[in-house]
Each structure stands twice: as structure tokens, then as C-alpha cells.
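For reference, the structure is listed below as C-alpha cells.
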Amino acid sequence: MTADLLLHNARLFGGTAPVALAIRAGLIDWIGPDADAPPAQRRMDAEGATLLPGFTESHLHIFLGGTALGQLNLASVSTAEDFATALRRFADTLPPGAFLCAYAANYEMLGPGTRPDRHAIDAVVADQPVFITSTDFHAAWANTAALTLAGLLHGAETPPGSEVVLGPDGLATGELREGAAMELVRCLTPTGGRDSTAMIGQEPPHATPEHRARDKATILRALEYCARHGITSAVNMDGNLYQAGLFSDLADQLPIRVKLPMNLTEDQDEARRAALIAQAQSPDLGKLSFGMIKMFMDGVYDTWTAHVVGGYPGDPGNDGPRLISAAGFADLATRADAAGLQIAVHAVGDGAVRAVIDGYQAAQTANGARDSRHRIEHIDTIQPADLPRLKALGIMASMQPVHPPGSAGLPLEPTTTIMGRDRWPTAFAWRRIVDQGTPLAFGTDWPVSPLDPLFCLHCALTRQPWAEDLPDQRLTLPEALAAYSAAGAYGMFADTRRGCLAVGMQADVILVAGDLAGLAHRPDAARVTLTLCDGKVIWQG
70 MTADLLLHNA RLFGGTAPVA LAIRAGLIDW IGPDADAPPA QRRMDAEGAT LLPGFTESHL
130 HIFLGGTALG QLNLASVSTA EDFATALRRF ADTLPPGAFL CAYAANYEML GPGTRPDRHA
190 IDAVVADQPV FITSTDFHAA WANTAALTLA GLLHGAETPP GSEVVLGPDG LATGELREGA
250 AMELVRCLTP TGGRDSTAMI GQEPPHATPE HRARDKATIL RALEYCARHG ITSAVNMDGN
310 LYQAGLFSDL ADQLPIRVKL PMNLTEDQDE ARRAALIAQA QSPDLGKLSF GMIKMFMDGV
370 YDTWTAHVVG GYPGDPGNDG PRLISAAGFA DLATRADAAG LQIAVHAVGD GAVRAVIDGY
430 QAAQTANGAR DSRHRIEHID TIQPADLPRL KALGIMASMQ PVHPPGSAGL PLEPTTTIMG
490 RDRWPTAFAW RRIVDQGTPL AFGTDWPVSP LDPLFCLHCA LTRQPWAEDL PDQRLTLPEA
550 LAAYSAAGAY GMFADTRRGC LAVGMQADVI LVAGDLAGLA HRPDAARVTL TLCDGKVIWQ
610 G
């Protein structure tokens with residue numbers, strides 16, 4: 070039978086002989102030697118590129134990422150001079166008085182030991198409001214104009230775990246820690262906070278038809294950016310009812326497959342909690358799926374909001390905030406698990422990771438064991454005694470090779486010092502996790518980190534220990550590719566439909582030109598040249 074599309078003159082990963090892949094009705098219909106290829110209505114020459122399953126991006130923020138595409142990226146800034154130049158140049162592109170938004174700022178971007186504040190921003194741009202998000206999106210800095218506009222110059226009450234930081238003079242320094250504090254300024258930016266309120270388990274204020282149209286365009290722009298990078302499936306980690314409505318409206322236009330969790334918090338009332346769980350139980354709609362609950366157990370190390378075991382260095386009595394109580398998390402996890410939902414929880418500190426494992430164990434005790442594929446997101450640090458508990462309870466690790474300090478252009482400080490030397494041996498422990506048989510899925514947390522999976526693979530292959538006595542946590546190229554394909558599909562309950570190149574699987578396929586093995590030496594050794602989702606070309610370059 071004639072195929073719809075034939076990719077020929079391709080190579081399989083690790084192979085040298087020319088192969089072809091035929092697609093019919095959105096499925097892989099045939100794969101084999103080039104010379105034996107079946108007839109097809111359309112033929113495309115792969116020009117010797119490598120055939121791979123489409124990448125599954127297991128942890129990103131689509132709406133925020135689409136917004137960030139129009140903001141100033143400060144990831145490469147590491148001096149006060151570079152900061153001033155970048156900010157002034159970007160300000161010149163905006164209308165007078167417009168809100169200037171930037172992201173991906175390192176905590177010491179103004180120089181070693183120097184944390185940004187409103188005065189440093191005022192010295193560059195004072196006549197318009199400025200809002201700068203940190204590299205991990207768990208802090209932000211605002212200038213005096215933005216703080217005044219938000220009524221925050223003298224501080225504000227925020228929920229536990231978040232803070233409008235005040236200086237010795239009783240005035241706000243400009244640093245806003247965690248989402249609840251950040252939203253006090255972000256709600257005044259051009260998006261009105263509609264792209265970020267899901268992160269703290271809330272809904273945005275009333276959105277007009279014009280707002281919704283703009284927000285949907287932002288989402289589509291982000292998904293097209295994903296397609297450019299060979300991503301054919303993605304797990305969007307900040308869902309609420311507003312985003313569920315936007316994505317549902319776009320279900321027939323989505324270029325890639327999207328899984329959208331609903332964010333639960335302990336302080337939500339029963340009606341809201343029930344509505345989010347009901348939305349999470351919704352059936353698939355086109356390329357859109359639900360079926361997942363997302364929660365936050367802690368923050369990050371750089372703001373001392375990671376929840377840790379045994380306190381921070383020099384401050385043993387400070388374990389960092391825990392965002393959900395033990396009883397509250399056990400209740401939420403048990404309820405979501407009983408509803409047949411998958412659960413994903415942000416946990417950075419070793420105390421937070423332990424708390425999530427304890428909650429998953431409570432849910433399993435209450436409901437019985439099942440193939441839940443519950444996940445822990447990030448796992449920056451974990452206690453050695455907790456590593457085998459991941460496997461014992463069937464927990465997935467969802468991690469980001471672009472997150473370790475020293476990788477992806479990130480500085481070692483202040484993170485490694487705040488984390489503490491005793492935690493380094495099991496920090497970002499990919500090797501230990503894979504070796505014990507725990508499923509490991511990769512993502513980037515975009516726009517927290519660069520989206521490109523090939524760059525992410527480069528980081529997984531090249532990470533260096535922070536000290537000579539630390540274990541090597543690098544993965545092999547086949548292991549890293551599996552974390553971006555087969556394991557990612559497994560994490561979406563799609564491993565019988567995609568994640569590998571086999572007859573009958575969904576035709577989510579990419580071509581990668583260049584030398585994949587060369588990613589162990591340089592990030593630009595390979596590039597995506599074609600992305601197919603459901604057998605359709607969604608990007609070609």
C-alpha cells in the first residue's frame with residue numbers, strides 16, 4: 070500500500086547504512102533499507118541525517134516561555150557593565166515609560182558576591198518600571214519605579230515561603246522571593262500575570278477576549294519554538310483552569326502534543342480543589358491531554374527557600390520553608406492518586422524530596438499500589454538513604470541537565486555554597502538514579518533554561534564534578550537520548566505509542582544533521598533539520 074510520506078537516505082542512530090521510514094495515516098508504516106523502500110505519495114531526502122524519535126520535553130512552562138521570547142534574556146550577563154549595556158539597549162526598543170521585563174538573570178550577574186537590588190537597576194533605568202526574573206524564576210528584582218507602582222516600597226505581607234525583602238532602612242531592596250511576592254509586580258506587566266498565576270495555584274483576574282486572543286497567540290508561538298528544536302511532546306508544568314481553557318480552544322491547532330497538569334496548593338478551598346481535580350480527569354482533546362496534578366514542595370537554594378534536611382551551612386536551625394505540611398500533602402496526594410491521576414511535585418532540597426517520597430508512600434498505603442508513574446521534579450539534592458526509595462515506590466525522576474551549577478553557563482556560586490559541601494555527592498545524581506533502574510526523564514524547565522534538547526544532551530554528557538572526590542554523574546549518549554525519548558514517553562503514559570522508531574508507533578520523528586557523538590565535545594555538533602508530529606511536517610530548516 071502506498072505510504073503518505075517516505076523519508077529516505079537517512080541513518081539510524083549508531084548505524085551507517087542508508088535507511089528509509091514510511092508513514093501512513095500518522096503512523097510509522099515501514100522502516101528498513103533504503104533500497105527496499107515502498108512507494109509513497111511524497112518523498113523527502115534526509116541527506117544522510119540521523120532519524121530519531123521526536124524529543125519529549127518533560128518539564129517546561131509553555132505560556133511563560135512564549136512570553137519570554139519577547140523579553141530581554143540576561144543569561145549571558147556576568148558583569149555590571151554588561152548588565153547596563155543590555156538593559157539600556159533593550160529599553161531603547163520600548164515606548165517611553167513602558168514596562169521593561171527581563172529574565173534568566175543570575176543571582177551574581179553584577180559580579181561575584183554582588184546581588185542585584187533596586188538601586189543597581191535605577192542606576193541604569195529609572196524612568197520606567199523594570200521587572201527582572203532570576204535564572205530559576207524563583208526570585209525577581211524590581212526597580213524603584215516598579216515597586217512604587219505596585220505599592221511595595223515599604224514592603225508587604227506575603228504567604229509563608231515568599232518575601233518582599235526589606236533592607237536595614239525599612240524599605241524594599243527590590244528583591245522579591247518566590248511566586249506570591251513576584252506576582253505583586255508581575256500582575257502589572259503587559260501579561261497581567263496571566264502567564265504566571267498558575268505557578269502559585271491561582272487564576273488570573275478577568276481576561277477580556279482581546280487578552281485571550283493574545284495569550285493563545287503567545288502559546289502557539291512557544292509551541293512553534295518547540296517544534297524548531299525537535300520537540301514533539303511536552304509536559305507543561307503550570308496549569309490552571311484559565312490555561313486549560315486556552316489550550317482546549319487551541320486543541321485542533323496544537324503543532325505538538327501537550328500534557329497539562331492542574332496545580333494544587335494546600336490553601337485552596339474545597340470548591341477550587343474539586344474543580345482542578347475534575348479538570349485533570351478530562352479526556353484527551355486532539356493533541357492535548359490532562360491526567361496529572363502538579364504541586365510545589367519547596368523553592369530553590371539561591372533564595373534559601375529549598376527545604377533541606379539538617380539546616381543550611383552555618384544555620385543548622387533553618388531547614389527552609391516547606392510549602393505543604395506533611396498531613397496536607399499526604400491528603401492531597403492520596404486524593405489525587407485515588408482519582409487515578411498522576412502526580413508531579415517540584416522538590417529541590419533533600420528535605421523536600423524526602424517529604425514527597427513520604428507522601429507518595431502514604432498514598433500507596435491508603436490506595437494500594439498501581440502503575441501511577443508519580444514523579445519528582447528537579448531533585449537537585451537527595452539524601453543517600455532516599456535514593457533506593459524512588460525505585461521501591463515506582464517514582465519517576467524528572468530532571469534537567471541544564472540546572473547544575475557549572476553547566477549551561479551557570480556559575481557555581483552562590484548555589485554550591487548555599488547548598489553545602491555535604492550535599493554535593495548526591496546533587497543532581499543522574500548516574501546513581503539510572504544505575505538503580507529508576508526511570509529518568511529529561512527536560513529544561515524552559516524558560517528557566519535554554520530549550521534546545523541538543524544543548525541539554527551536551528550538558529548531560531559533559532558535566533564536571535565540583536570537586537575531585539565527587540562521583541561522575543554524566544550519562545552516555547544512548548542513556549541521555551532515552552531520557553529525552555523513551556523515558557519521556559513513559560512519563561506521559563505514551564510508551565506504547567511513541568518514544569521509539571518502530572512500525573505501528575505514532576510518526577513523531579525528527580532528523581538530526583551533524584555528529585550526535587560530537588555533542589560530548591561541543592553543543593553545536595548537531596542540529597535538528599526536520600520535525601514531524603503525527604506524520605505531518607511541523608518544522609523544516
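In this note's numbering, each residue's number is its place in the sequence shown (first place is 1) plus 69. Every residue, glycine too, gets a C-beta built ideally from N, C-alpha and C.
Would you mind listing the beta strand (DSSP E) stretches within the stretch 177-210 that are 3+ residues and don't spill past its ends, in chain order? 199-203
Should S394 be labelled buried (16 or more other beta-carbon atoms within 10 Å of its own) or exposed? By one-based count along the sequence shown, residue 394 stands at place 325. With fewer than 16 other Cβ atoms within 10 Å, it is exposed.
Closer than 8 Å is the cut-off here; do at least three beta carbon pairs connect the stretch 350-362 with the stretch 311-331? yes
So, under 8 Å CB-CB, H128 and V304 are touching, yes? Tell me the CB distance rounded to an integer number of Å. The residue labelled residue 128 in the question sits at position 59 within the sequence shown. The residue labelled residue 304 in the question sits at position 235 within the sequence shown. That belief holds up - the Cβ atoms of H128 and V304 are roughly 6 Å apart, short of 8 Å.
Over what stretch of residues does the alpha helix (DSSP H) that includes I131 continue unbroken? Within the sequence shown, residue 131 is the residue found at index 62, counting from 1. Start and end: I131 to A137.
Can you give me the Cβ contacts of Q505 inside the same chain, cut-off strictly under 7 Å, excluding the 5 residues immediately before and after it? The residue labelled residue 505 in the question sits at position 436 within the sequence shown. For Q505, where only same-chain residues beyond five positions count, the Cβ hits under 7 Å are L456, P457 and K460.
Can you look up H280 in the DSSP assignment and give me helix, strand or coil? Locating residue 280 in the sequence shown gives position 211, where the first residue counts as 1. Helix at H280.
Residue span of the beta strand (DSSP E) that contains E446, given as start and end: Along the sequence shown, one-based indexing puts residue 446 at 377. R444 to H447 is the span of the beta strand (DSSP E), which, as asked, contains E446.
Limits of the beta strand (DSSP E) - the one that W608 falls within: What you label residue 608 is simply residue 539 of the sequence shown in a count that begins at 1. Run containing W608: K605 to Q609, per the beta strand (DSSP E) assignment.
Sufficient close CB pairs (3 or more, under 8 Å) joining the stretch 203-219 to the stretch 363-372: yes
Report the residue from E116, A94, A109 and Q110 whose alpha carbon sits nearest the alpha carbon of P87. Translated into positions along the sequence shown, residue 87 becomes position 18. For the residues E116, A94, A109 and Q110, the minimum Cα distance to P87 belongs to E116.
When we look at the beta-carbon of N387 and count the other beta-carbons within 10 Å, is it buried (16 or more) or exposed? By 1-based counting over the sequence shown, the position of residue 387 is 318. That one is exposed.
Between L156 and the rest of its own chain, which residues show a CB-CB distance below 8 Å, the 5 nearest in sequence each way excluded? Translated into positions along the sequence shown, residue 156 becomes position 87. So the qualifying residues of the chain are L141, L169, A171, I190, V193, V194 and V199.
Segment limits, alpha helix (DSSP H) that includes L315: Numbered from 1 along the sequence shown, position 246 holds the residue referred to as residue 315. L315 -> alpha helix (DSSP H) spans L310 to D318.
Within the chosen definition, does the stretch 484-492 reach the stretch 378-386 through at least 3 CB pairs nearer than 8 Å? yes
Provide the residue span of the alpha helix (DSSP H) that contains H527, from first to last. On the sequence shown, position 458 is the one that residue 527 refers to. P522 to T531 is the extent of the alpha helix (DSSP H) around H527.
Quick one: using the 10 Å Cβ neighbour count with 16 as the cut-off for buried, is S145 buried or exposed? Residue 145 sits at position 76 when you count from the first residue of the sequence shown. Under this definition S145 is an exposed residue.
What three-state label does DSSP hand T434 in the structure shown? As a first step, residue 434 is located in the sequence shown; it is residue number 365 there, counting from the start. The answer is helix: DSSP assigns T434 an H, G or I state.
Buried or exposed, going by whether 16 or more other CB atoms sit within 10 Å of the CB of E244? For the purposes of this step, residue 244 is taken as residue 175 along the sequence shown, with counting starting at 1. Label assigned to E244: buried.
Within 7 Å: the Cβ of R458 and any heavy atom of the ligand ZN? As for the ligand ZN, it is missing from this structure, which has no ligand bound.
Which whole-angstrom value describes the C-beta separation of V578 and G101, a residue pair presumed to lie in contact below a C-beta threshold of 8 Å? In the sequence shown, the residue the question calls residue 578 occupies position 509. In the sequence shown, the residue the question calls residue 101 occupies position 32. Actually they are not in contact, since the Cβ atoms of V578 and G101 sit about 15 Å apart, beyond 8 Å.
Option nearest T434 by Cα separation, candidates A402, H447 and T85: Translated into positions along the sequence shown, residue 434 becomes position 365. The candidate whose alpha carbon is nearest that of T434 is A402.
Are the CB atoms of I445 and V471 nearer to each other than 8 Å? Indexing the sequence shown from 1 puts residue 445 at position 376. Indexing the sequence shown from 1 puts residue 471 at position 402. Not a contact, by the Cβ cut-off of 8 Å.
Identify, in the order they occur along the chain, each residue of the same chain with its Cβ nearer than 8 Å to the Cβ of N436, setting aside the five sequence neighbours on each side. Looking up residue 436 in the sequence shown gives position 367. Result list for N436: T403, D406 and A407, in chain order.
Taking Cβ positions, are C602 and R326 nearer each other than 8 Å? The sequence position of residue 602 within the sequence shown is 533, counting from 1. The sequence position of residue 326 within the sequence shown is 257, counting from 1. Result yes, Cβ atoms of C602 and R326 sit closer than 8 Å.
Use the C-beta contact count for A454: other C-beta atoms within 10 angstroms, 16 or more gives buried, fewer gives exposed. Position 385 of the sequence shown, counted from the start, is the residue given in the question as residue 454. Counting Cβ neighbours within 10 Å, A454 comes out exposed, since fewer than 16 surround it.
Cutoff 7 Å; reference D541; Cβ partners in own chain excluding five residues on either side: As a first step, residue 541 must be located in the sequence shown, where it is residue number 472. Cβ neighbours of D541 beyond the five flanking positions: R500 and P534.
For W515, which residues in the same chain have their Cβ closer than 6 Å to its Cβ, ignoring the five residues on either side in sequence? In the sequence shown, residue 515 corresponds to position 446, counting from 1. Taken in chain order, the residues that qualify are L129 and G134.
The beta strand (DSSP E) enclosing P102, as first and last residue numbers: To locate residue 102, count along the sequence shown from 1; it is residue 33. From DSSP, the beta strand (DSSP E) with P102 extends over L96 to P102.
Just curious, the alpha helix (DSSP H) that G560 is in, first and last residue? Taking the sequence shown and counting its residues from 1, the one referred to as residue 560 is at position 491. Run containing G560: A555 to G560, per the alpha helix (DSSP H) assignment.
Which same chain residues end up closer than 6 Å to E335 when comparing Cβ atoms and leaving out the 5 residues on each side of it in sequence? As a first step, residue 335 must be located in the sequence shown, where it is residue number 266. Only I393 and G397 meet the Cβ criterion.
One question on the structure: do T227 and A250 come within less than 8 Å of each other, judged by their Cβ atoms? Within the sequence shown, residue 227 is the residue found at index 158, counting from 1. Within the sequence shown, residue 250 is the residue found at index 181, counting from 1. Cβ atoms of T227 and A250: closer than 8 Å.
Compare the Cα-Cα distances from T119 to each of D400, N78 and V417 and report the closest residue. The count along the sequence shown starts at 1 and reaches residue 119 at position 50. Per the Cα distances, N78.
Candidates G604, R591 and F511: which alpha carbon is nearest E126's? Residue 126 sits at position 57 when you count from the first residue of the sequence shown. Of G604, R591 and F511, the residue nearest in Cα terms is F511.
With DSSP as the reference, label V369 as helix, strand or coil. Along the sequence shown, read from residue 1 onward, the residue named residue 369 stands at position 300. Three-state DSSP puts V369 in coil, outside helix and strand.
Beta strand (DSSP E) segments (min. 3 residues) lying fully within the stretch 208-250: 208-211, 232-235 and 241-246
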